[in-house]
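Note that our numbering has the sequence shown beginning at 1, numbered continuously upward.
The block underneath contains the structure these notes are about, expressed in structure tokens.
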Amino acid sequence: MSNNAVVIADAARARFFVERFVKHPAPRAGYRLEELADLVHPSARMSDEAQLSESRPGSFRSAGGAPGHALSDHREARRDEQDKQFAAEIVQTALQFCRDQSAPRIVLAADPHMLGFLRGFTDQLHKQGIALRDLAKDLSRMRPDEIHAVLTKAEVLPWQPEATG
């Protein structure tokens, strides 16, 4: 029986699981997630102050002392670019993880914002013949058994063959 890979990600960390059937005596037998690796994005854990020389946008006053407009330091654009780069790294790591675990299928779960970035790179998985399902939900702080329960309720696990007809 082949394994399913599961990646749970947010902007700071990606956790890599494999779903395996555990042969315990009933009623404990069944599919379980086993966490095998993680990937940390250090700059996502840094504060704005640590990333930028100025802790907040500057402002100025126009001639005569009237308020001016805020000068943007482009924090949001910078974060988006960092998230996009981390998403590319996650997908590359997921591809290698699937190879290492002989997993022909993968589930990606992340908050909607991060999942959008991840989807931009999933063609790499498809090109390698890896089937993909995803879920736009932040599961990053959950235990493996909680993650498995959410994925099962959302019907992305257990992986059933697609109906043909």
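Quick reminder that beta carbons are idealized off the backbone N, C-alpha and C, glycines included.
Just how far apart, CA to CA, sit Ala29 and Glu19?
C-alpha separation (whole angstroms): 13 Å.
Provide the residue span of the alpha helix (DSSP H) that contains Asp134, from first to last.
Looking at the DSSP string, Asp134 is not in any alpha helix (DSSP H); the run it does join, the beta strand (DSSP E), is Ala131 to Ala136.
Alpha carbon to alpha carbon, what distance is there between Thr122 and Asp134?
Spanning the two alpha carbons is a distance of roughly 10 Å.
Exposed or buried, Asp100, counting other C-beta atoms within 10 Å across all chains shown (16 or more means buried)?
By the 10 Å Cβ count, Asp100 comes out exposed.
At what residues does the alpha helix (DSSP H) containing Phe117 begin and finish?
Its alpha helix (DSSP H) spans residues Pro112 to Arg119.
Would you kindly report the start and end of the unbroken alpha helix (DSSP H) that includes Ala29?
No alpha helix (DSSP H) holds Ala29; DSSP gives it neither H nor E.
Whose C-beta lies closer than 8 Å to the C-beta of Glu81 among residues of the same chain, with five residues either side of it excluded?
Same-chain partners within the cutoff: there are none.
Give the single residue among Ile147, Ala88 and Arg75 whose Cα lies nearest to the Cα of Met114.
Nearest of Ile147, Ala88 and Arg75 to Met114, Cα basis: Ala88.
List the endpoints of the continuous beta strand (DSSP E) containing Glu155.
Taken as a continuous stretch (DSSP letters only), Glu155 belongs to no beta strand (DSSP E), as it is neither H nor E.
So, Ser102 versus Asn4, is the Cβ gap smaller than 8 Å?
Going by C-beta atoms, Ser102 is not nearer than 8 Å to Asn4.
Starting from Ala87, trace the alpha helix (DSSP H) in both directions and tell me its first and last residue.
Arg75 to Gln101 is the extent of the alpha helix (DSSP H) around Ala87.
Ends of the alpha helix (DSSP H) at His41?
Note, His41: premise wrong, no alpha helix (DSSP H); not H, not E.
DSSP three-state call for Leu125: helix, strand or coil?
It is helical.
In whole angstroms, give me the CA-to-CA distance for Arg143 and Ala37.
Cα-Cα distance, rounded: 14 Å.
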